[in-house]
Amino acid sequence: MTKKVLQFGLLLSILSFSLSAFAQDQEKPRVQDYPRVGFWSNWSIGADLGLNIQMNQQNGSIYRSLGLGAHGFFQKKFHPLWNVRLYLGVPRITKDNNGPGDRYAAAGADMMWSIMNAFSYNPDRKVDLFIMAGNGISFLIGTPGENGKWSLYSRGGMEFDWYVSKHSTIFIDGLVGVYDVVNPKTWFTGNSRLGACNAYVGLGYMYNFGLTKADQELFAQKNAANNCDALNDQINDLASELASCKQNERRLEDRVNDLENELAMCKKNNNDAANSELQKRIDQMKNDQLKFYALPFSINYATNQSEVPAGEQVKVKTIAKVLEADKDLKLKIVGFCDATGSDELNQKLSEKRADNVKKMLVNKYGIAEDRLTCEGKGKTIVFGDGACAIDRRVSFYREIE
12 MTKKVLQFGL LLSILSFSLS AFAQDQEKPR VQDYPRVGFW SNWSIGADLG LNIQMNQQNG
72 SIYRSLGLGA HGFFQKKFHP LWNVRLYLGV PRITKDNNGP GDRYAAAGAD MMWSIMNAFS
132 YNPDRKVDLF IMAGNGISFL IGTPGENGKW SLYSRGGMEF DWYVSKHSTI FIDGLVGVYD
192 VVNPKTWFTG NSRLGACNAY VGLGYMYNFG LTKADQELFA QKNAANNCDA LNDQINDLAS
252 ELASCKQNER RLEDRVNDLE NELAMCKKNN NDAANSELQK RIDQMKNDQL KFYALPFSIN
312 YATNQSEVPA GEQVKVKTIA KVLEADKDLK LKIVGFCDAT GSDELNQKLS EKRADNVKKM
372 LVNKYGIAED RLTCEGKGKT IVFGDGACAI DRRVSFYREI E
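Under the working numbering, the first residue of the sequence shown carries the number 12, and numbering increases by one thereafter.
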């Protein structure tokens with residue numbers, strides 16, 4: 012039996028080494044962003060109850076029996092790929108009196124490797140599957156003349172975890188354990204040896220304590236810093252887009268001025284046909300300005316919404332920064348609506364959208380009110396059939412004087 016125990020332990024060691032090497036190879040591209048926490052974070056406490064199928068051996072006789080078992084444990088999550096479980100339990104509670112040593116207690120430590128996270132780390136995962144293996148010691152209990160005899164105890168198996176909530180986990184584990192009991196007084200004689208192996212299937216519950224308060228505060232600070240960096244990046248991108256829009260708008264303005272000069276010459280020469288044609292072209296280009304050059308930088312709204320959506324307020328902040336940087340810049344804030352609803356309702360809604368943006372720039376960011384003008388276009392300028400989300404917007408334009 013001792014030889015079997017040594018062989019089993021060697022196999023577990025090889026399995027542990029192989030899984031560890033595999034996890035190290037796999038984790039580099041996938042779990043490098045896993046948050047590092049303090050030692051007292053991510054501890055859990057739990058227990059299970061299950062069935063034990065045991066086989067004892069002594070003096071060439073073999074006894075097989077079925078009984079109940081239970082464990083309690085503490086568990087620490089060190090990494091998304093591996094946990095450590097410290098357990099104390101009675102894998103075999105009941106005694107059938109068919110063989111000596113069929114009831115015992117065990118204590119030890121298990122290493123647990125996440126199969127799913129080894130392939131793809133997902134912090135929002137609801138289920139996981141672990142391979143587990145470990146060593147410990149066992150003590151015979153409830154057997155006259157055998158109480159207190161101890162042995163090295165090795166076990167391994169698999170566990171399925173279901174994360175019911177942030178703090179609660181239900182699990183099913185299946186384990187195979189082997190021990191070889193030795194009386195320390197006869198260690199070198201080879202007498203009084205009792206070998207046994209067992210298979211255990213249990214159902215349990217685990218409570219996860221999560222992060223300590225200190226780690227929660229640290230994570231909040233890191234998240235705030237990351238959000239701030241992301242917001243600044245977005246602001247810089249939007250500012251760049253706005254600068255590009257201003258250049259395009261300047262080109263359009265120059266073209267409109269050229270056409271208006273041509274129109275003035277036509278009026279001077281009393282060329283009514285040319286007057287009418289040029290006026291149409293000017294009006295069309297001004298409408299194109301309201302439609303095309305606003306697309307990269309507009310505040311979008313849900314149907315019937317007039318307040319600036321939370322997700323769009325970063326654009327207002329960017330506009331404020333641009334206005335602060337360019338003191339001579341004056342903007343027209345123009346509201347638009349889609350084609351649904353009445354003309355009167357859409358006109359009022361578009362005006363309200365533009366006015367709310369202006370109020371935010373003035374009241375929240377301190378922009379002078381005389382640098383901003385508002386206008387509502389209702390549903391007079393739309394894209395396609397007028398049902399596009401881009402039609403529900405507020406856009407910004409440098410004043411064409």
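Glycine included, each C-beta is placed from N, C-alpha and C at the ideal position. All of these numbers come straight from a predicted model, not from anything done at the bench.
Handout entry: beta strand (DSSP E) segment containing K388, residue limits
Key = First-last for K388: undefined, no H or E at that position.
Handout entry: Residues near R364 in its chain [Cβ-Cβ closer than 7 angstroms; skip 5 each side]
Key = So the qualifying residues of the chain are Y312, S317, G346, V405.
Handout entry: First and last residue of the uninterrupted beta strand (DSSP E) at V405
Key = Run containing V405: 404-409, per the beta strand (DSSP E) assignment.
Problem - Stretch-stretch touch, CB-based, cutoff 8 angstroms, three pairs: the segment 209-223 with the segment 170-189 - result: Counting C-beta pairs closer than 8 angstroms gives three or more between the segment 209-223 and the segment 170-189, which meets the contact rule.
Handout entry: G100 versus G61, F89, M123, residue with shortest Cα-Cα distance
Key = That would be G61, whose Cα lies nearest to the Cα of G100.
Handout entry: N94 to N128 span [Cα, whole Å]
Key = If you take the alpha carbons of N94 and N128, they lie about 12 angstroms apart.
Problem - From N234, G78, Q227, L229, residue whose alpha carbon lies closest to that of V212 - result: The residue with the shortest Cα to Cα distance from V212 is G78.
Practice task
Would you mind giving the Cβ-Cβ distance between V414 and M371, rounded to the nearest angstrom? I have them listed as a contact below 8 angstroms.
Solution key: There is simply no residue 414 to check, as the chain begins at 12 and stops at 412 in what is shown.
Problem - Extent of the continuous alpha helix (DSSP H) to which L356 belongs - result: 354-374 is the span of the alpha helix (DSSP H), which, as asked, contains L356.
Handout entry: Any non-hydrogen atom of the ligand SAM within 7 angstroms of I344 CB
Key = The ligand SAM is not part of this structure, which contains no ligands at all.
Handout entry: Helix, strand or coil at C208 according to DSSP, with G and I counted as helix
Key = C208 falls in the strand class under three-state DSSP.
Exercise for the section: Give the C-beta separation of K390 and N367 to the nearest angstrom, bearing in mind that I take them to be a contact with Cβ-Cβ under 8 angstroms. Expected result: With a Cβ gap of about 18 angstroms, K390 and N367 do not count as contacting.
Problem - DSSP three-state assignment for F141, whether helix, strand or coil - result: F141 falls in the strand class under three-state DSSP.
Handout entry: 6 angstroms Cβ shell around I183 - same chain, five flanking residues per side excluded
Key = Here the set comprises F171, L214.
Practice task
Would you check if the distance between the CB atom of K343 and the CB atom of E386 is smaller than 8 angstroms?
Solution key: With respect to the 8 angstroms criterion, K343 and E386 are classified as neighbours on the basis of their beta carbons.
Problem - Reference K388, options E410, V373, K375, K359, closest by Cα - result: Considering only alpha carbons, the answer is K359.
Exercise for the section: Pick helix, strand or coil for A58, following the three-state DSSP scheme. Expected result: Taken through DSSP and simplified to helix, strand or coil, A58 comes out as strand.
Problem - N-terminal and C-terminal residue of the beta strand (DSSP E) that A331 is part of - result: Not the beta strand (DSSP E): A331 falls in the alpha helix (DSSP H), residues 324-336.
Problem - Distance between F50 and W198 (C-alpha atoms, nearest Å) - result: A caution first: W198 carries a pLDDT of 45, below 50, which makes its placement in the model too unreliable to give a value.
Handout entry: L340 versus E355 - alpha carbon distance
Key = C-alpha separation (whole angstroms): 32 angstroms.
Practice task
Could you check which residue in L242, S162, V187 has the C-alpha nearest to that of G168?
Solution key: Of the residues L242, S162, V187, the one whose Cα lies closest to the Cα of G168 is V187.
Exercise for the section: Compare the C-alpha of G119 against each of P134, F150, D135 and name the closest. Expected result: Nearest Cα to G119 within the set P134, F150, D135: F150.
Handout entry: Among I401, K332, L163, G322, the one whose alpha carbon lies nearest that of T314
Key = Closest by alpha carbon: I401.
Handout entry: Range covered by the beta strand (DSSP E) that runs through N94
Key = 93-103 is the span of the beta strand (DSSP E), which, as asked, contains N94.
Handout entry: As assigned by DSSP and simplified to three states, the class of F89
Key = Correct three-state label for F89: coil.
Problem - Cα-Cα separation, E271 to V373 - result: Cα-Cα distance, rounded: 34 angstroms.
Problem - Other residues of its chain near A231: CB distance less than 6 angstroms, five sequence neighbours each side excluded - result: Excluding positions up to five away in sequence, the list is empty.
Exercise for the section: Could you say which of F130, D135, N146 lies nearest to Y122 if we only look at CA atoms? Expected result: Note that residue 122 is Met in the sequence shown here, rather than Tyr. The closest CA to that of M122, considering only F130, D135, N146, is found on N146.
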